[in-house]
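Worksheet: one structure, shown below.
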Amino acid sequence: MANMNLYSRGDKWFVIANMVLVGLFTISTLYPFIYIAAVSFSSGFAAAAGTVVLAPVEFTLAAYERVLSEPQFWSSYANTFIYTFGGTAVSLLIIIPGAYALSRPQLIGRRFWNLFVAFTMWFNAGLIPFFLNMRDLGLLDSYFGIIIGFALNAFNIILLRNFFESIPSSFEEAARMDGANEFQVLWKVYVPLSKPAIATITLFCIVARWNGFFWAMVLLQSEDKIPLQVYLRQLIAELSDDEEFTSTLIDAAYSVETVTAAIIVCSIIPVLLIYPWVQKYFNKGILLGGVKE
Amino acid sequence: MSQQEHIGPSTEELVIESREALRDRARRRAARLGDHFKREWQIYVLLLPTIIWFLLFLYKPMYGLQIAFKDYSIFRGIDGSPWIGFEHFRTLFENDQFLRAIRNTVIISFFTLLFGFPAPIILALMFNEILNQTYKRTAQTIVYLPHFISTVIIAGIVITAFSPSAGIVNTILEWLGMDPIYFLTKPEWFRPIFVGSGIWQEAGFQSIVYLAAIAGVNLSLYESAVVDGASRWQMMWKVTLPSILPTIIIMLIIRIGNLLEVGFELIILLYQPATYETADVINTFIYRQGLQQGQYDLAAAAGLFNAVVAFILVMTANTISKRVSRTSLW
Chain B
1 MANMNLYSRG
11 DKWFVIANMV
21 LVGLFTISTL
31 YPFIYIAAVS
41 FSSGFAAAAG
51 TVVLAPVEFT
61 LAAYERVLSE
71 PQFWSSYANT
81 FIYTFGGTAV
91 SLLIIIPGAY
101 ALSRPQLIGR
111 RFWNLFVAFT
121 MWFNAGLIPF
131 FLNMRDLGLL
141 DSYFGIIIGF
151 ALNAFNIILL
161 RNFFESIPSS
171 FEEAARMDGA
181 NEFQVLWKVY
191 VPLSKPAIAT
201 ITLFCIVARW
211 NGFFWAMVLL
221 QSEDKIPLQV
231 YLRQLIAELS
241 DDEEFTSTLI
251 DAAYSVETVT
261 AAIIVCSIIP
271 VLLIYPWVQK
281 YFNKGILLGG
291 VKE
Chain Z
1 MSQQEHIGPS
11 TEELVIESRE
21 ALRDRARRRA
31 ARLGDHFKRE
41 WQIYVLLLPT
51 IIWFLLFLYK
61 PMYGLQIAFK
71 DYSIFRGIDG
81 SPWIGFEHFR
91 TLFENDQFLR
101 AIRNTVIISF
111 FTLLFGFPAP
121 IILALMFNEI
131 LNQTYKRTAQ
141 TIVYLPHFIS
151 TVIIAGIVIT
161 AFSPSAGIVN
171 TILEWLGMDP
181 IYFLTKPEWF
191 RPIFVGSGIW
201 QEAGFQSIVY
211 LAAIAGVNLS
221 LYESAVVDGA
231 SRWQMMWKVT
241 LPSILPTIII
251 MLIIRIGNLL
261 EVGFELIILL
271 YQPATYETAD
281 VINTFIYRQG
291 LQQGQYDLAA
301 AAGLFNAVVA
311 FILVMTANTI
321 SKRVSRTSLW
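One line per chain: the protein sequences are B and Z, in this order.
For the first sequence, the UniProt record's numbering assigns the number 1 to the initial residue and increments by one for each residue that follows.
For the second sequence, the UniProt record's numbering assigns the number 1 to the initial residue and increments by one for each residue that follows.
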């Protein structure tokens, strides 16, 4: 697309202005992260006085020492990993076979079952009936409840089903000749061919799990079961409360602001680590598959 | 079928005949179905967990929605609670807070649409005009990032940045010689902050859809524009934008279908009683009434109202989208 032949001299101002504007937007996207990182490495006093702008003021690791010495931080972090990887594994174990079955032409009532799944995208019972249902199922305050209760959604199943449907049936013929059953055809033919789509869904699951806080906040009561985001929310609630209250917590070395910033940094790091891998996939435009239908 | 084979039997015989034929057909069908399940049972085994999950976690709550029409008590349960008709809906529509929540939902949605919808389109057009690939890729990598960040962190950043004593925004206001503003307690500031942080978080990622559409534009269109002596600015307006118009229309329709979906999780994290006036939306109202105060039946009624309106919007949008995509996409 970027064809240098199309680039005439008279357009120079336009190209430059455009680059500057994109640069400004990029910087304004990046700046809050830099700011938070700077706050996390500043002294509590400097952060509370509002002197931090770009670089840490009165550099200190006090906030991190405070965060890392907190047992609640470690247990929340561990819980986030359990919910993220346990939840994603359960999701894939159900979604892959389900999407495959829905893509099979010989499935009796195929239209019905597809509508059965898709209908939930258009109509949802809402927060209260879902909550009461979880309570009636005895899934309040449980690891299992968080992992199973949010394992599926119509969007992911339809995305994968569409991908399975797009695979020509000639791929499975050889396997069928060798007498492979459905499980083998799915596992040995469809799953390897669908790696990009499965990776996309895995990504969606991981991101949703890692970031999810609302239902964890509502359903979990025990401090030892809450994920990082709920713990972070508790700290932020303190932060946004009365200013007076926060100022009593100010210590020379760290403050609620710097501790919160430090936890934010700790929680973003894993996202940054998998980000290059994530990018590989949305560059291919696979994420768009779902948007189309 | 079998009636035609016999000419002249009595009606009684006919009835017996056809009854036997029906039974025969049913038997054959059952046998075929039996064969089918014997042969294809594996597919149903693969499908079963999905069906059970949907029944248990999405359809069972729909059954529970009936408490919107009941005087629900935890002890009597969903089935045991007495019916009271539309009582809760009457209460809701006499409740100023609920009416305010509807109004706020519509207003916040409208502003999100007005400012948030064009932002990724503009961004995609601008990305497309960048010739330096390294610069372009770096910028894209950065602006996609906030999409992958948790709402809690977004809220944390907003609260830290807008804090009256410590936040960077007030530090800047101070440099400019202005008085600090406690933004998050001011009702008039809530919507700009909410809509702005939404654009900050999602505009980059949403631009991917439009970039993909731009990548599909026929290059010969640009070539003939160059022959005609068009400038890059003109090409952007006269070639690129019209070419991605179908995508824009589809995205607009989808967006309108989801009009009631405001990011209430971020609102829960950012609002406080002082800003309820402009910030409280239907879902935050449901959250407070139901999950915090335990008025499950009333909150479920509010949720049902929300779900029905959303359903109508989505269905309308789907219908329009199908018609539009058939006529203008291909």
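Note that CB positions come from ideal geometry on N, CA and C, so glycine has one too.
Only a predicted model underlies this, so the values are computations on that prediction, with no experimental measurement involved.
Does chain B have any CB closer than 8 Å to the CB of residue 220 of chain Z? At least 8 Å separates the CB of residue 220 of chain Z from every CB of chain B.
Just list the residues that DSSP pairs residue 70 of chain Z with in beta bridges. According to DSSP, residue 70 of chain Z bridges with Z/83.
Check whether the Cβ of residue 79 of chain B lies closer than 8 Å to any Cβ atom in chain Z. No, residue 79 of chain B does not count as interfacial toward chain Z.
Identify the contact partners of residue 199 of chain B in chain D, using a Cβ-Cβ distance below 7 Å as the criterion. Any reference to chain D falls outside this structure, whose protein chains are B and Z.
Are the CB atoms of residue 255 of chain B and residue 47 of chain B within a distance shorter than 8 Å? The Cβ atoms of residue 47 of chain B and residue 255 of chain B sit closer than 8 Å to each other.
Excluding sequence positions up to five away, which residues of its chain have a Cβ less than 8 Å from the Cβ of residue 118 of chain B? Taken in chain order, the residues that qualify are 154 and 158.
Once you ignore the five residues that flank residue 229 of chain Z on each side, which residues in its own chain have a CB closer than 7 Å to its CB? Apart from sequence neighbours up to five positions away, no residue of its chain approaches residue 229 of chain Z with a beta-carbon distance below 7 Å.
Which class does residue 32 of chain B belong to by DSSP, given the choice of helix, strand or coil? Of the three classes helix, strand and coil, the one that applies to residue 32 of chain B here is helix, per DSSP.
Reference residue 123 of chain B, options Z/189, Z/26, Z/58 and Z/288, closest by Cα: If we check each option's Cα against that of residue 123 of chain B, Z/58 comes out closest.
Chain B beta carbons: is any one of them nearer than 8 Å to that of residue 153 of chain Z? Closer than 8 Å: yes.
Going straight from the alpha carbon of residue 81 of chain Z to that of residue 135 of chain B, what length do you get? When only Cα atoms are considered, residue 81 of chain Z and residue 135 of chain B end up about 17 Å apart.
Express the C-alpha separation of residue 176 of chain Z and residue 248 of chain B in angstroms, rounding to a whole number. Here residue 248 of chain B scores only 48 on pLDDT, less than 50, and its place in the model should not be relied on; the value that follows carries that caveat. Computed Cα separation, rounded: 29 Å.
Supposed contact pair residue 272 of chain Z and residue 184 of chain Z - C-beta distance, whole angstroms, cut 8 Å: Beta-carbon to beta-carbon, residue 184 of chain Z and residue 272 of chain Z are separated by about 7 Å, close enough to satisfy the 8 Å threshold.
Helix or strand or just coil, what does DSSP make of residue 76 of chain Z? Looking at residue 76 of chain Z - three-state DSSP - the assignment turns out to be coil, as it is neither helix nor strand.
Which residues in the same chain as residue 120 of chain Z place their Cβ atom closer than 7 Å to its Cβ, once the five residues preceding and following it in sequence are excluded? These residues qualify, in order along the chain: 203, 206, 207 and 210.
Looking only at its own chain, which residues have a Cβ that is under 6 Å from the Cβ of residue 91 of chain B, when we skip the five neighbours before and after it? Correct list, in chain order: 151 and 205.
Coarse secondary structure for residue 49 of chain B, derived from DSSP in three states: DSSP places residue 49 of chain B within a helical segment (H, G or I) once states are collapsed to three.
Are the beta-carbon atoms of residue 101 of chain Z and residue 312 of chain Z separated by less than 8 Å? It is not a contact, given that the beta carbons lie outside the stated cut-off.
Report the three-state DSSP secondary structure of residue 186 of chain B (helix, strand or coil). If DSSP states are grouped into helix, strand and coil, residue 186 of chain B belongs with the helices.
When you compare each of B/260, B/276 and B/132 to residue 63 of chain B by their alpha carbons, which one comes out closest? Checked all of B/260, B/276 and B/132; the closest Cα to residue 63 of chain B is B/260.
Alpha helix (DSSP H) segment containing residue 214 of chain B, residue limits: That run of the alpha helix (DSSP H) goes 214-219.
Taking the straight line between their C-alpha atoms, what separation do you get for residue 55 of chain Z and residue 62 of chain Z? If you take the alpha carbons of residue 55 of chain Z and residue 62 of chain Z, they lie about 10 Å apart.
Residue burial classification, residue 27 of chain B (beta-carbon count within 10 angstroms, cutoff 16): Exposed, since its Cβ has fewer than 16 Cβ neighbours within 10 Å.
Cβ-based contacts, 8 Å cut-off: residues of the stretch 281-295 of chain Z near chain B: Look at the stretch 281-295 of chain Z: the residues with a C-beta under 8 Å from a C-beta of chain B are 283, 286, 287, 290 and 291.
Length of the line joining the Cα atoms of residue 16 of chain Z and residue 23 of chain Z: Approximately 10 Å between the Cα atoms of the pair.
With a Cβ-Cβ cutoff of 8 Å, do residue 50 of chain B and residue 116 of chain Z count as a contact? Not a contact, by the Cβ cut-off of 8 Å.
Residue 300 of chain Z and residue 192 of chain B look like a contact to me (Cβ under 8 Å); what is the Cβ gap, rounded to whole Å? Their Cβ separation, rounded to whole angstroms, is 45 Å, which puts residue 300 of chain Z and residue 192 of chain B out of contact at 8 Å.
Hey, is the stretch 213-230 of chain Z in contact with the stretch 162-181 of chain B, meaning 3+ C-beta pairs nearer than 8 Å? The stretch 162-181 of chain B and the stretch 213-230 of chain Z do not touch, with fewer than three beta-carbon pairs separated by less than 8 Å.
Using the beta-carbon of each residue, which ones in chain Z are nearer than 9 Å to residue 125 of chain B? Those are 58, 59, 60, 61, 62, 63, 64, 65, 300, 303, 304 and 307, listed as they occur along chain Z.
Can you give me the Cβ contacts of residue 149 of chain Z inside the same chain, cut-off strictly under 8 Å, excluding the 5 residues immediately before and after it? A distance below 8 Å between beta-carbons, with the five flanking residues on each side excluded, links residue 149 of chain Z to the following residues of its chain, in chain order: 201.
Start and end of the alpha helix (DSSP H) containing residue 189 of chain Z? Its alpha helix (DSSP H) spans residues 187-215.
Less than 7 Å between C-beta atoms, sequence neighbours within five positions excluded: which residues of the same chain meet that for residue 320 of chain Z? Here the set comprises 253.
Only counting the same chain, and skipping five residues up and downstream in sequence, which positions put a Cβ closer than 8 Å to that of residue 212 of chain B? Within the same chain, 83, 150, 227 and 229 come within 8 Å of residue 212 of chain B by CB-CB distance, once the 5 residues on both sides are set aside.
For residue 185 of chain B and residue 96 of chain B, I'd like the C-alpha separation in whole angstroms. So the two alpha carbons sit approximately 13 Å from each other.
Would you say residue 260 of chain Z and residue 125 of chain B are within 8 Å of each other, going by their C-beta atoms? Going by beta carbons, residue 260 of chain Z and residue 125 of chain B fall outside the 8 Å limit.
Coil, strand or helix - residue 273 of chain B by DSSP: The answer is helix: DSSP assigns residue 273 of chain B an H, G or I state.
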